[in-house]
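Right, one structure below, let's go through it.
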Amino acid sequence: MSTESTDPVEPPDTVATASEETEVPASEETETDESPKQNKWLKPVIVAVLAVILVGGGVYALTALNGTKVGDCVSASPKDVDKPDGEWNLSSKSCGDTAATHRVAAVLKSAEDPCPAEGIYEAVNAGGDIMCLMPNLAEGNCYTSGDDGAFKKENCTTESPVKIVKKVDGLPEEGTVCPEGSSELRFSEPASVYCMGVHEGS
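In case it helps, full-length UniProt numbering puts the sequence shown at residues 1 to 202.
Structure (structure tokens):
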């Protein structure tokens with residue numbers, strides 16, 4: 001005769017998994033080529049601009065998203081320039097607008113995902129979506145870096161501007177596309193290279 005128990009088996013208690021806090025992705029460091037020896041005068045200018053832009057990298061909260069998507073341009077700046085890791089203002093702009101400081105390069109699925117590896121990106125929390133913003137640059141324009149770390153379009157007669165002397169789509173071999181006397185600023189998404197020089201009249 002079977003001795004197997006016929007007592008009902010209670011199902012195991014369901015364990016609720018607590019939501020884990022996601023860590024803020026660290027800012028991506030810019031990979032830059034060493035300037036040729038004859039271009040040493042240019043390097044301090046480029047380095048100074050990039051250093052300011054990279055200060056305070058992280059995930060920021062923004063307002064006024066207005067349905068911004070990949071490829072769109074925005075005006076983005078911290079509400080308090082002394083607190084770049086705090087809340088930011090964001091508004092959609094035409095990419096040709098001088099107020100358009102950034103372009104949306106990518107939208108991440110999770111805050112744990114990093115922005116593209118190569119380039120200068122700001123990871124921002126825009127209404128729950130994590131967006132990677134890149135500087136809105138255009139060939140032939142001159143820029144300076146503001147207190148908020150963004151490239152700002154200026155007249156090329158402005159003191160010590162950085163000029164985008166050439167823009168190339170794709171990511172060709174390093175050191176093969178920019179004119180002598182300029183430095184490469186490379187972005188992996190969207191794949192592009194900006195050749196940064198100093199305006200001849202500055």
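For each residue, glycine too, the CB sits at the ideal point set by N, CA and C.
Note that the structure is a prediction, hence the values are computed from the model and not measured.
Under the three-pair Cβ rule at 8 Å, the stretch 88 to 96 does not count as touching the stretch 154 to 168. The shortest C-alpha to C-alpha distance from I130 to any of D72, I164, V104 and P172 is the one to V104.
Separation of the CB atoms of C142 and V165 is rounded to 10 Å, and the pair is thereby denied contact status at 8 Å. Within the same chain, Cβ atoms closer than 6 Å to the Cβ of L137 are found at I164 and Y194, the five residues on either side in sequence being excluded. Going by beta carbons, C73 and A106 fall outside the 8 Å limit. Secondary structure note for L185: its beta strand (DSSP E) is the uninterrupted segment S183 to S188.
CA-to-CA, the gap between E122 and L133 works out to about 5 Å. Residues V104 of the same chain have their beta carbon placed closer than 7 Å to that of K69, with the five preceding and five following residues left out of the count. Assignment of E112 by DSSP, reduced to helix, strand and coil, places it in the coil class.
With respect to the 8 Å criterion, S77 and A150 are classified as neighbours on the basis of their beta carbons.
Contact annotation: S183 and A117 have beta-carbon atoms that are not nearer than 8 Å. Here DSSP, grouped into helix, strand and coil, assigns C142 to strand.
A residue is called buried when at least 16 other Cβ atoms come within 10 angstroms of its Cβ; G119 meets this threshold and is buried.
Of V124, G146, R186 and G71, the smallest CA-CA separation from S110 is found for V124. The residue among H199, G181, L185 and E112 with its C-alpha nearest the C-alpha of V168 is L185.
Apart from sequence neighbours up to five positions away, the residues of its chain that approach G146 with a beta-carbon distance below 6 Å are K152, ordered along the chain. Its chain contains A191 as the residues whose beta carbon lies nearer than 6 Å to that of L171, once the 5 sequence neighbours on both sides are disregarded; these appear in chain order. Note on geometry: alpha-carbon atoms of E180 and G128 lie some 43 Å from one another. If you draw a straight line from the Cα of D113 to the Cα of K79, it is about 25 Å long. Membership of P135 in the beta strand (DSSP E) is indicated by the continuous run D129 to P135.
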